[in-house]
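Participant: Take this structure first; my questions come after.
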Amino acid sequence: MANLIVRNVDADIVQALKARAGRHGTSAEAEHRRILAQALLRPRRRTFAEVLVRMPGVGEDADFERIDASFRDHVPR
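When we follow my numbering, the leftmost residue of the sequence shown carries the number 9, and every step to the right adds one.
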């Protein structure tokens, strides 16, 4: 395992880290490791294009034709 030193951390962040660790019943150091792991090791979210490419080719385009596009004129913006 490697060591990581983080300098110049705002006191409010340190306090929030300690409070969060207390709520989880862990040390601030363990909580810091958990936060880093959650932020950096979770799977990358797929882009919209990637999701579309993975959609199965089911049905016909006609299944998705808009019947009445006039609803756009009535949607508040």
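Quick reminder that beta carbons are idealized off the backbone N, C-alpha and C, glycines included.
(1) What does a CB cutoff of less than 7 Å around R52 pick up in its chain, not counting 5 residues either side in sequence?
(2) Of all the alpha helix (DSSP H) runs that stay within the bounds of the segment 17-51, which reach a length of 4 or more residues?
(3) Pull up the distance between the alpha-carbon of R31 and that of A38, whole angstroms please.
(4) Using the three-state DSSP reduction, which class does A10 fall into: helix, strand or coil?
(5) In three-state DSSP terms, what is R53?
Facilitator: So, from the listed chains and residues:
(1) Numbered from its first residue, the sequence shown carries residue 52 at position 44. Closer than 7 Å at the Cβ level, and outside the excluded window around R52, lies no residue.
(2) 19-32 and 36-49
(3) In the sequence shown, counting from the first residue as 1, residue 31 sits at position 23. In the sequence shown, counting from the first residue as 1, residue 38 sits at position 30. So the two alpha carbons sit approximately 12 Å from each other.
(4) Within the sequence shown, residue 10 is the residue found at index 2, counting from 1. Of the three classes helix, strand and coil, the one that applies to A10 here is coil, per DSSP.
(5) By 1-based counting over the sequence shown, the position of residue 53 is 45. It is coil, neither helix nor strand.
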